[in-house]
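Engineer: Got a structure for you, written out below as structure tokens; questions coming shortly.
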Amino acid sequence: MMRATDLVLVLAMLLNFLVLGSSRLSAGIRAVALQGASLSLLPLLLHDGGAPTIHLMALGLGMLGLKGMLFPWLLFRAIREASMRREMQPLIGFTASLVAGILAAAVAFRVSTRLPLPSAPVSSFLIPTALTTILVSFIVLVSRTKALTQVLGYLMLENGIFLFGLVFAREMPLLIELGILLDLFVGVFVMGIVVFHIHREFDHIDTVHLTTLKG
Amino acid sequence: MLIALCLIPLLAGGVAFALRSNTQRLSLLVLTALAHFLLVASCWLKLPAPTPSGWLALDALGLLFLTLVSVLFLCASLYAIGYLRQEDHGSNRVFVGCLLAFLSAMTLVTVSHHLGLLWVAIEATTLASAPLIYFHHSQRSLEATWKYLLICSIGIALALLGTFFVAIAGTGPAAAEPSLLLEKLMANAANLNLPWLKGAFIFLLVGYGTKMGLAPLHTWLPDAHSEAPSPVSALLSGALLNCAFLGILRVFQICAAASLKHFAQELLVLFGLLSLLIAAAFLLRQSDYKRMLAYSSVEHMGILALGVGLGGAATYGAMLHAVNHSLAKALLFFAAGNILLSYKTKSAASVRGVLHRLPITGWLFLGGFLAITGSPPFGPFLSEFTILNAAVTQGQIGIAAIYLSLLAVVFLGMGSVVLPMVQGGSEEAVPLPLALPSSWMLNGVPLLLMAGVLMLGLYVPSGLQNVLTGASALLGGAP
């Protein structure tokens, strides 16, 4: 069971780099969806011996449905309607953002050894992966200009926060529920509508052009 | 009682979506606001008991902010009647429905004593207010809404991370079961894990600080406040920012109980001064008068953070200042709304001779400017002076000097925008504004607020005094 958890976490970590390195929007959407879907398995894997509670299973399924199916479907619809394929001009180049991502991972591993966890986490990878995902999501949010890639960055941020919540999956399933609420609230539900409107109003989804309001 | 306070506006919001006519919806809006206000007023006579689970409870701090929300909402809904009559806007179904949901979410923020629930409530305020900012359906309002959603969502995500950190800090060998209830965390404060709690405070300060408009994460605020219709701007500035501040104060309470008070206070002072500095810089040479008011909100949020950060008597000053700022800023946004209705432009350079064209609005705008910049005899003077006085008595001369000089810069910056607007005669070659908006609500509501701001500068009623003292005692301040 421990090995499966580690495998999922390593996969999530690698997907971070895939998002950083790929210029195709569809690849980014797939990577983030896969990351979300694989993380949704974790609540089931985290039980130490005992069977997973129905509560945790419901949480995992809810995550899978939202992050693995609904969001990618919405995002793919958005890029189809706006007929765009690539992130053409990131503010930071793909190689540079990959390097930044590696640095972020190094920082995450270093910091996580410094933070004393009151109770030992299920996997020593959990906290570093969570931190790396959060840091990488910031790189994406800052360096990419399309509204859609910013939504992707936001979803990665949620994934990272969800991982943190897993530390307490058993004691406080409430925390994970909050994380899922975070998805439901903003993730794509509202942003998707706004992206759609940006598309209608401007004929493109490039936030670099959203610069009328200044000063 | 507490549940009813949160549910009544939500249900009314649902009904508003079902109603057919604009007039019916507006009457529903005002009726709900009035009912909410009366319920809150009854809380002043006798504090309602907390719910059995302890998730919802009302203390002096919550009561203070709840009252601000309720009073401002009543004012804004009355003003909205007059305002919407002047603007051609079609159906107001979404507007009224979201406005009521917004009230419900803000009420929940003020009464929740559970950090998770608090987080959900603050997130809900973002969700309910986004359509309000997008009210005009123009490119500019779309841009403002997008920035608002994206920046505040990131802030709210960080706040969730901070909430997790609090939960982590609460588990350990000494602690029983982890809990996010404020009372349990406070009781268990001695056993909290300090490094995690420090991290929690930083994340929650940055997260809720984004929503509150603390620099450097305030960038959504000027856009949202200037693009939203004026009644909404007043609510965003006077009520919503305070709600986010309350979120920070709740965590501050926990930190203070866990002997992290100095750490938290230093951070608050830092963010407060930074907000003051940035707001002052952007207030100089500001060309859009609604943006000017928005930056002034950043400034005043900075003052609130600074006041709590200094502690002692300054905490009381900050509480009083929250009241003063809400009333004065709502007054200014209403007056600015009247100017916008009449002149149809937000550019300060195109507005001249307000005193001549719209005498009541002109005097209100001028008086509001004097009040918000802390001139006597208005309320903000008293509260800003209390904070300054506390800084000097504590020997924080450097902070006091920076604070005072930034206030002076703000005064100059806002004065150079406001004074040319209100002055100038009818002979000047400006496009003829439309006739004075004649609704008594457009002038009556800000006049009432002006009376309130003036009264608070001369005399603080003993009931309010008690609540302010109670609130600052919860934050470890002295009266």
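Residue numbers (my numbering), protein chains in the order written: chain H, 33 to 247; chain E, -17 to 461. Backbone N, C-alpha and C define an ideal beta-carbon position, used for all residues, glycine too.
1. Please list, in chain order, the residues of the segment 165 to 183 of chain H that have any C-beta partner in chain E closer than 8 Å.
2. Could you tell me whether any Cβ in chain H is nearer than 8 Å to the Cβ of residue 278 of chain E?
3. Take the Cβ of residue 411 of chain E as the centre, count every other Cβ of all protein chains shown within 10 Å, and call the residue buried at 16 or more, exposed below.
4. Within a Cβ cutoff of 6 Å, which residues of the same chain sit near residue -13 of chain E, ignoring the five residues on either side of it in sequence?
5. State yes or no: is the C-beta of residue 229 of chain E within less than 8 Å of the C-beta of residue 91 of chain E?
6. Please state the DSSP three-state secondary structure of residue 41 of chain E.
7. Taking only beta-carbon positions, decide if residue 260 of chain E is within less than 8 Å of chain H.
8. Can you find the residues in the same chain that come closer than 6 Å, C-beta to C-beta, to residue 79 of chain E, ignoring five residues on each side of it along the sequence?
9. With 16 as the cutoff for other CB atoms within 10 Å, does residue 7 of chain E come out buried or exposed?
10. Are residue 181 of chain H and residue 45 of chain H close, meaning C-beta to C-beta below 8 Å?
11. Applying the criterion that 16 or more other CB atoms from any shown protein chain within 10 Å of the CB defines a buried residue, is residue 443 of chain E buried or exposed?
12. On the DSSP bridge assignment, give the partners of residue 144 of chain H in chain order.
13. Can you tell me whether residue 390 of chain E is buried or exposed? The criterion is at least 16 other CB atoms within 10 Å of its CB, across all chains shown.
14. Please report the distance separating the alpha-carbon of residue 10 of chain E from that of residue 60 of chain E.
15. Against chain E, which members of the segment 64 to 75 of chain H pass a CB distance test of less than 9 Å?
16. Should residue 198 of chain E be flagged as near chain H, meaning a C-beta pair shorter than 8 Å?
17. Considering Cα atoms alone, identify which of H:113, H:170, H:199, H:161 is closest to residue 47 of chain H.
18. Whose CA, out of H:76, H:49, H:38, lies closest to the CA of residue 170 of chain H?
19. Determine, for residue 257 of chain E, whether the minimum Cβ-Cβ distance to residues of chain H falls below 8 Å.
20. Note down the Cα distance separating residue 354 of chain E from residue 125 of chain E, rounded to an integer number of angstroms.
21. Report the neighbours of residue 148 of chain H on chain C: residues whose CB is nearer than 9 Å to its CB, in chain order.
22. Find out if the Cβ-Cβ distance for the pair residue 274 of chain E, residue 196 of chain E is shorter than 8 Å.
23. By alpha-carbon positions, which one of H:145, H:41, H:91, H:110 ends up nearest to residue 19 of chain H?
24. Taking a Cβ distance cut-off of 9 Å, strictly less, list which residues of the segment 115 to 146 of chain E are near chain H, in chain order.
25. Consider the Cβ of residue 369 of chain E: report whether some Cβ of chain H lies at a distance smaller than 8 Å.
26. Whose CA, out of E:45, E:194, E:183, E:280, lies closest to the CA of residue 452 of chain E?
27. Going by alpha carbons, who is nearest to residue 42 of chain E out of E:93, E:87, E:81?
28. Could you tell me the distance, in whole angstroms, from the CA atom of residue 462 of chain E to the CA atom of residue 190 of chain E?
29. Can you tell me the Cβ-Cβ gap for residue 30 of chain E and residue -16 of chain E, rounded? I've got them flagged as a contact below 8 Å.
30. What do you get for residue 441 of chain E, buried or exposed, if any count of 16 or more other CB atoms within 10 angstroms of its CB means buried?
31. Report the option in H:124, H:38, H:72, H:175 whose CA atom is closest to the CA atom of residue 101 of chain H.
32. Where residue 194 of chain E and residue 200 of chain E are concerned, what is the direct C-alpha to C-alpha distance, given to the nearest angstrom?
33. Go ahead and pull the three-state DSSP assignment for residue 326 of chain E.
34. Could you list which residues in chain E have their beta carbon closer than 7 Å to that of residue 190 of chain H, in chain order?
35. Here's the rule: buried if 16 or more other CB atoms are within 10 angstroms of the residue's CB, otherwise exposed. What is residue 188 of chain H?
36. With H, G and I counted as helix, E and B as strand and the rest as coil, what does DSSP make of residue 94 of chain E?
Structural biologist: With the given structure in hand:
1. Per Cβ criterion, the list reads 166, 173, 179, 182.
2. No - not a single Cβ of chain H is within 8 Å of the one on residue 278 of chain E.
3. In this predicted model, residue 411 of chain E has a pLDDT of only 48, less than 50, meaning its place in the structure is not dependable enough to derive any value.
4. Excluding sequence neighbours, residue -13 of chain E sits near 21, 89.
5. Yes; because the gap between Cβ atoms is below 8 Å, this pair is in contact.
6. Here residue 41 of chain E sits in coil by DSSP.
7. Taking 8 Å as the threshold, the shortest C-beta distance from residue 260 of chain E to chain H does not fall below it.
8. Once the five neighbours on either side are set aside, the close Cβ partners of residue 79 of chain E are -5, -2, -1.
9. By the neighbour-count rule (16 or more Cβ atoms within 10 Å), residue 7 of chain E is buried.
10. Contact: no.
11. Counting every other CB atom within 10 Å of its CB across the protein chains shown gives residue 443 of chain E a total below 16, marking it as exposed.
12. Its beta-bridge partners do not exist; DSSP assigns none.
13. Per the 10 Å Cβ criterion, exposed.
14. Roughly 11 Å between the two C-alpha positions.
15. With the criterion set as a beta carbon lying under 9 Å from some beta carbon of chain E, the segment 64 to 75 of chain H has no members that meet it.
16. No - not a single Cβ of chain H is within 8 Å of the one on residue 198 of chain E.
17. When each option's Cα is compared against that of residue 47 of chain H, the closest is H:161.
18. For residue 170 of chain H, the closest alpha carbon among the candidates H:76, H:49, H:38 is that of H:49.
19. Interface annotation, residue 257 of chain E: not in contact with chain H, CB-CB separation never under 8 Å.
20. The C-alpha of residue 125 of chain E is placed about 28 Å away from the C-alpha of residue 354 of chain E.
21. The structure shown contains no chain C; the protein chains it does contain are H and E.
22. One thing to note: residue 274 of chain E has its Cβ no nearer than 8 Å to the Cβ of residue 196 of chain E.
23. Here chain H comprises residues numbered 33 to 247, so residue 19 of chain H is not present and cannot be evaluated.
24. Cβ contacts with chain H come from 116, 119, 120, 121, 122, 124, 125, 126, 127, 128, 129, 131, 132, 134, 135, 136, 138, 139, 140, 142, 143, 145, 146.
25. The beta carbon of residue 369 of chain E sits no closer than 8 Å to any beta carbon of chain H.
26. Comparing Cα positions, the closest option is E:45.
27. The shortest C-alpha separation from residue 42 of chain E is found at E:93.
28. There is simply no residue 462 of chain E to check, as chain E begins at -17 and stops at 461 in what is shown.
29. Right, the Cβ-Cβ distance comes to about 6 Å (below 8 Å), so this counts as a contact.
30. Counting other Cβ atoms within 10 Å of its Cβ, residue 441 of chain E stays below 16 and is therefore classed as exposed.
31. Nearest option by C-alpha distance: H:72.
32. Distance from the CA atom of residue 194 of chain E to the CA atom of residue 200 of chain E, rounded to whole angstroms, is 8 Å.
33. Judged by DSSP in its simplified three-state form, residue 326 of chain E adopts coil rather than helix or strand.
34. In chain order, 139 make up the part of chain E whose C-beta sits under 7 Å from the C-beta of residue 190 of chain H.
35. So residue 188 of chain H ends up on the buried side.
36. Residue 94 of chain E: strand per DSSP, three-state reduction.
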